[in-house]
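Chemist:
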Amino acid sequence: WLCGVLAPPELQEKTLVLVKPDAVQRRLVGNVIQRFERRGFKLVAMKLLQADQGLLDKHYQQLRQKPFYPALLAYMTSGPLVAMVWEGYNVVRSTRAMVGDTDSAAAAAGTIRGDFSMHVSRNVVHASDSVETARREIGFWFQRDELVAWESGDQDYTYGP
Ligand code: GDP
Ligand code: MG
Numbered sequence: 064w065l066c067g068v069l070a071p072p073e074l075q076e077k078t079l080v081l082v083k084p085d086a087v088q089r090r091l092v093g094n095v096i097q098r099f100e101r102r103g104f105k106l107v108a109m110k111l112l113q114a115d116q117g118l119l120d121k122h123y124q125q126l127r128q129k130p131f132y133p134a135l136l137a138y139m140t141s142g143p144l145v146a147m148v149w150e151g152y153n154v155v156r157s158t159r160a161m162v163g164d165t166d167s168a169a170a171a172a173g174t175i176r177g178d179f180s181m182h183v184s185r186n187v188v189h190a191s192d193s194v195e196t197a198r199r200e201i202g203f204w205f206q207r208d209e210l211v212a213w214e215s216g217d218q219d220y221t222y223g224p
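The letter at position 91 of the sequence shown is residue 154 when you use full-length UniProt numbering, and the numbering goes up by one with no holes.
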C-alpha cells in the first residue's frame with residue numbers, strides 16, 4: 064500500500080529515548096514528546112520509572128570506565144525518568160539530529176539539547192546512536208510485551224504513497 068517505496072522493516076525502525084531525571088524535574092516531558100509526535104514518529108512504548116544501577120550499568124556499559132561515570136550514575140538515579148520507544152523511517156538518525164550534540168554548547172538551537180541544556184552533565188535526553196544499539200537498549204528497558212504495534216491513520220500522509 065506504500066507502492067513498495069518504503070518496506071515495512073524500514074517503517075518499523077525503533078529507537079530508545081530517555082527523558083532524563085533533570086527533564087522530569089523541569090517539567091519538560093511533554094515538550095520532548097511533542098517534538099517526536101509532530102515530526103510524525105509513532106510512540107510504541109512509554110513508562111515512568113526510577114532507574115537503578117544495575118539497569119544503568121547495562122545501558123551505559125561502554126562508559127563504565129570513564130571518570131565521569133559515578134556522576135552520570137548519580138544523575139540518572141536522582142529521580143524518575145521517562146523511557147520511550149519511538150518508531151518510524153530512519154528514526155535513529157532523525158532522533159539523534161533532533162536531540163543535538165552531546166556537548167550542549169555545540170548543540171544547535173532547535174535541537175532538544177540546544178534549546179534546554181547548558182552542560183553535558185544535565186543534558187535532558189538520551190537517544191540510541193545506531194539501529195543495533197537501539198535494539199539492545201530497548202531490550203534493557205522494556206519487556207517484549209510492553210511494545211505496542213498499532214496502525215497510525217496518518218501514515219500515507221506522513222510517508223507519501
Ligand atoms: P550521547 O550519546 O550524546 O548521550 O553521549 P555519550 O553516549 O557520549 O554519553 C552518554 C551520556 O553520558 C551523556 O548524554 C551524558 O549524560 C553523560 N556524559 C558524557 N560525557 C560526560 C562528561 O564529560 N561529564 C559528565 N558529567 N557526563 C557526561
Ligand atoms: Mg550515547
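Glycine included, C-beta positions come from ideal geometry on N, C-alpha and C. Since the model is a prediction, treat every value here as computed from it, not as a measurement.
Could you pull out every residue in the same chain whose Cβ sits closer than 7 Å to the Cβ of S184, ignoring the five residues on either side in sequence?
Modeler: For the purposes of this step, residue 184 is identified with residue 121 of the sequence shown, where counting begins at 1. Taken in chain order, the residues that qualify are A134, Y138.
Chemist: What alpha helix (DSSP H) runs, 4 residues minimum, are completely inside the segment 134 to 194?
Modeler: 154 to 162, 175 to 179
Chemist: Buried or exposed: S193, going by 16 or more other Cβ atoms within 10 Å of its Cβ?
Modeler: Working through the sequence shown from its first residue, we reach residue 193 at position 130. Per the 10 Å Cβ criterion, exposed.
Chemist: Starting from V82, follow its DSSP beta bridges and name the residues at the other end.
Modeler: Stepping through the sequence shown from its first residue, residue 82 is reached at position 19. Residue pairing by DSSP puts V82 in a beta bridge opposite V145, V188.
Chemist: Across which residues does DSSP place K77 in a beta bridge pair?
Modeler: Here the question's residue 77 lines up with position 14 in the sequence shown. K77 pairs with E150.
Chemist: Would you identify the three-state DSSP class for K129, choosing helix, strand or coil?
Modeler: Within the sequence shown, numbered from 1, the residue matching residue 129 stands at position 66. In the structure shown, K129 sits in coil (DSSP, three-state: anything other than H, G, I, E or B).
Chemist: According to DSSP, is A70 part of a helix, a strand, or is it coil?
Modeler: If you number the sequence shown from 1, residue 70 lands on position 7. Looking at A70 - three-state DSSP - the assignment turns out to be coil, as it is neither helix nor strand.
Chemist: For V148 versus S191, is the C-beta spacing smaller than 7 Å?
Modeler: By one-based count along the sequence shown, residue 148 stands at place 85. By one-based count along the sequence shown, residue 191 stands at place 128. When the beta-carbon positions are compared, V148 and S191 stay at least 7 Å from each other.
Chemist: Which term fits F131, buried or exposed, when burial requires 16 or more other beta carbons within 10 angstroms of its beta carbon?
Modeler: In the sequence shown, residue 131 corresponds to position 68, counting from 1. Counting other Cβ atoms within 10 Å of its Cβ, F131 stays below 16 and is therefore classed as exposed.
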